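Chemist: Before we start, here is the structure in question, set down as structure tokens.
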Amino acid sequence: MNNWHIEAEKQWDQFAAEWSSNSKDMWENGSRKKILPFFLSHLKEGSYIADLGCGDGYGTLGLARHGMKAIGLDLSKEMVDTASDRAKGFKGVQFIQGDLSQLPFESDSLDGTMAINSLEWTENPLHSLNEIRRIVKTDGVACFGILGPTAAPRQAHSYKRLYGEQIIMNSMMPWEFARLAEENGWKLIDDKGVEKREAKLEQLVHLPKEIQQAVCFMWLFILKKI
Numbered sequence: 458m459n460n461w462h463i464e465a466e467k468q469w470d471q472f473a474a475e476w477s478s479n480s481k482d483m484w485e486n487g488s489r490k491k492i493l494p495f496f497l498s499h500l501k502e503g504s505y506i507a508d509l510g511c512g513d514g515y516g517t518l519g520l521a522r523h524g525m526k527a528i529g530l531d532l533s534k535e536m537v538d539t540a541s542d543r544a545k546g547f548k549g550v551q552f553i554q555g556d557l558s559q560l561p562f563e564s565d566s567l568d569g570t571m572a573i574n575s576l577e578w579t580e581n582p583l584h585s586l587n588e589i590r591r592i593v594k595t596d597g598v599a600c601f602g603i604l605g606p607t608a609a610p611r612q613a614h615s616y617k618r619l620y621g622e623q624i625i626m627n628s629m630m631p632w633e634f635a636r637l638a639e640e641n642g643w644k645l646i647d648d649k650g651v652e653k654r655e656a657k658l659e660q661l662v663h664l665p666k667e668i669q670q671a672v673c674f675m676w677l678f679i680l681k682k683i
């Protein structure tokens, strides 16, 4: 692709209004409802956290409501503008436009980061993963959400590569992400599945984790920088 960054920004700008209309339900009742309780259980109150790929900021504001100093970053100006409007009246939270491949933070400056379904949309996931590691303090934590193999966004976007279309999605399996992270300066300290409506993880606990991940919409990881 001639310019991944420009095309990705364009597509997310176009999707911003639709995303915002669904975000509250996703975070409170849907595929993202497990994320904040899971991540917050690994954070100290007052931690400085960056939400990378924050969309319209609903998750970022959730961190702020629970006592975190939160900053949301997104490639889409439309998303950032929506998030900034949503944040009026909140203290200790701000939103900026930026790219995961070149994060505008000092090295070793954050207590943690959250990146939910955003690493897959970068041109070079390993480079972006290393950028995230750069800005987190040693022993700081990062929460990642990686789409499962049958998640709808993969079907809608990644599949098109088989027609030779240029896409802005860099699909990876949850188990591939875990290995990539552990080979590049992160330690896995916790993980959790977000199952699809048709699946019940409690019925699958006797199966290998890779099988459990295969029936999940998303798999959540808590990593510590080492």
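Quick note on numbering: the sequence shown equals residues 458 to 683 in the numbering used here.
Cβ atoms here follow ideal geometry from the backbone N, Cα and C, with glycine treated the same way.
Just so you know, these numbers come straight off a predicted model, no measurement behind them.
Should Ala527 and Val550 be called a contact, given that it needs their Cβ atoms to be closer than 8 Å?
Modeler: Contact flag set, yes.
Chemist: Take the Cβ of Glu502 as the centre, count every other Cβ of all protein chains shown within 10 Å, and call the residue buried at 16 or more, exposed below.
Modeler: Exposed is the call here.
Chemist: My guess is that Lys491 and Lys649 are in contact by the Cβ rule of under 8 Å, so how many angstroms apart are they, rounded?
Modeler: Right, the Cβ-Cβ distance comes to about 6 Å (below 8 Å), so this counts as a contact.
Chemist: For the alpha helix (DSSP H) containing Asp470, name the first residue and the last one.
Modeler: Segment 461-485, the alpha helix (DSSP H) holding Asp470.
Chemist: Measuring CA to CA, which of Thr579, Ser566, Phe547 is closest to Ser558?
Modeler: Nearest C-alpha to Ser558: Thr579.
Chemist: So within the region 534-584, which uninterrupted alpha helix (DSSP H) runs reach at least 4 residues, ignoring any that extend past its ends?
Modeler: Segments of the alpha helix (DSSP H) lying fully in the region 534-584: 534-543.
Chemist: Identify which residue in Leu604, Ala474, Tyr515 has its Cα closest to the Cα of Arg543.
Modeler: Nearest option by C-alpha distance: Tyr515.
Chemist: Please determine, among Glu622, Leu661, Asp647, the residue with the shortest C-alpha to C-alpha distance to Gly602.
Modeler: Comparing Cα positions, the closest option is Asp647.
Chemist: Ordered along the chain, which non-local residues of its own chain (more than five positions away) have a Cβ less than 7 Å from that of Asp568?
Modeler: Hits under 7 Å: Ser504, Tyr505, Ile506, Lys594, Gly597.
Chemist: Would you tell me roughly how many angstroms separate the C-alpha atoms of Phe634 and Thr539, rounded to the nearest one?
Modeler: Taking the straight line joining both Cα atoms gives about 30 Å.
Chemist: Report, in whole angstroms, the separation of the C-beta atoms of Ile625 and Ala465, which I expect to be a contact under 8 Å.
Modeler: Indeed they touch by this definition, with Cβ atoms about 5 Å apart.
Chemist: I'd like to know whether the C-beta atoms of Ala613 and Leu680 end up nearer to each other than 8 Å.
Modeler: In this structure, Leu680 does not lie closer than 8 Å to Ala613 by Cβ.
Chemist: Rounded to whole angstroms, what is the Cα-Cα separation between Pro610 and Ser575?
Modeler: One C-alpha to the other measures close to 12 Å.
Chemist: Could you tell me if Ser477 is buried or exposed, where buried requires 16 or more neighbouring beta carbons within 10 angstroms of its beta carbon?
Modeler: By the neighbour-count rule (16 or more Cβ atoms within 10 Å), Ser477 is buried.
Chemist: Between Ala608 and the rest of its own chain, which residues show a CB-CB distance below 7 Å, the 5 nearest in sequence each way excluded?
Modeler: Cβ within range, chain order: Phe674, Met675.
Chemist: Is the separation between the beta-carbon of Asn641 and that of Leu583 shorter than 8 Å?
Modeler: Cβ distance < 8 Å, so Asn641 and Leu583 count as in contact.
Chemist: For Thr595, which three-state DSSP category applies?
Modeler: The answer is strand: DSSP assigns Thr595 an E or B state.
Chemist: Check this for me: beta carbons of His462 and Leu497, under 8 Å apart or not?
Modeler: Not closer than 8 Å, so no.
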